[in-house]
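Here's the structure we're looking at; comments come further down.
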Amino acid sequence: MSRLTPIQTNGASSELKRSLKNNHLKLDEAPRFLQVMANSPVSLRAYIRADAALVGGQLTPRQRQQVALAVAEINGSSYSLSAHYEAGKSLGLTHQEMQLARNATAADPKSEAMLRFTQAVVLQRGEISDDDFQALGKTGFTDAQIVEIVANIAVNIFANYFNSVAKTEVDFPLLEPGADAPCVGIAQSKTRPAALMARSPKPHINRK
Numbered sequence: 001m002s003r004l005t006p007i008q009t010n011g012a013s014s015e016l017k018r019s020l021k022n023n024h025l026k027l028d029e030a031p032r033f034l035q036v037m038a039n040s041p042v043s044l045r046a047y048i049r050a051d052a053a054l055v056g057g058q059l060t061p062r063q064r065q066q067v068a069l070a071v072a073e074i075n076g077s078s079y080s081l082s083a084h085y086e087a088g089k090s091l092g093l094t095h096q097e098m099q100l101a102r103n104a105t106a107a108d109p110k111s112e113a114m115l116r117f118t119q120a121v122v123l124q125r126g127e128i129s130d131d132d133f134q135a136l137g138k139t140g141f142t143d144a145q146i147v148e149i150v151a152n153i154a155v156n157i158f159a160n161y162f163n164s165v166a167k168t169e170v171d172f173p174l175l176e177p178g179a180d181a182p183c184v185g186i187a188q189s190k191t192r193p194a195a196l197m198a199r200s201p202k203p204h205i206n207r208k
């Protein structure tokens, strides 16, 4: 059960109604996480505007969904994973392509470099190595596109964290992180960066 109540149009404040009108959004037809986010009109407006701005960027819609799938899997967000899987299908991404994206990999080298970079940024909290950064440039990504990848990661992290905190009820066919892409995620990753491992707390061992 969601910790926050979804807001419907008839219960929206005047501020929220203005925001919805300005962003051409019909709340009753929107995904549930936007209805829940509408508890804070300013947060909803910030998310919608950031996402809309990135739609007009240099990354393709398919690339953006691949990044979103990788981030959602790592962060363990069942809502975001389920939502972006459906979005990916609508863009023509195959089941195999999306499963690979969840594992931060791809059949083509450029997409794989983008997803490995995404994985490194999320798991290492931005403290990536020079090799991580240079690998992306070597596959043809421009500086502008690299900035956009980081921006997409940030917007998706916000959505992941929000849905996890709110326990948003999933209104898409449900996918569970790790259920059928078991190599990814902070707990499951076989490629967890050494830098992150070094900062992780050591388990307490009772030697008595």
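Each residue of the sequence shown is one higher than the one before, counting from 1 in my numbering. The beta carbon of each residue, even a glycine, is placed where N, CA and C say it ideally should be.
- S82 is positioned such that its CB atom lies no closer than 8 Å to that of S164.
- Uninterrupted alpha helix (DSSP H) stretches at least 4 residues long and entirely within the segment 140 to 180 occur at 143 to 166, given in chain order.
- Segment contact: the segment 56 to 74 against the segment 113 to 122, three or more CB-CB distances shorter than 8 Å; contact assigned.
- In summary, M37 is buried, with 16 or more beta-carbon neighbours lying within 10 Å of its beta-carbon over all protein chains present.
- Sequence-distant partners of H95 (beyond 5 residues in either direction) whose C-beta falls short of 7 Å from its own C-beta are missing from its chain.
- When rounded, the separation of the alpha-carbon atoms in G140 and K110 is 7 Å.
- Rounded to the nearest angstrom, the gap between the Cα atoms of T142 and S40 is 36 Å.
- Boundaries of the alpha helix (DSSP H) harbouring I48: 41 to 55, taken from the DSSP string.
- The Cβ atoms of A166 and L4 sit closer than 8 Å to each other.
- Contact annotation: the segment 102 to 109 does not touch the segment 124 to 133, with fewer than three C-beta pairs closer than 8 Å.
- Classified as exposed, G92 has fewer than 16 neighbouring CB atoms from the shown chains inside 10 Å of its CB.
- Taking C-beta atoms as the reference points, R45 and L54 fail to come closer than 8 Å.
- Residues of the same chain with a CB within less than 8 Å of the CB of P173, apart from the 5 flanking positions on each side, are S82, Y85, E86 in chain order.
- Fully contained in the segment 62 to 102 is no beta strand (DSSP E) run of length 3 or more.
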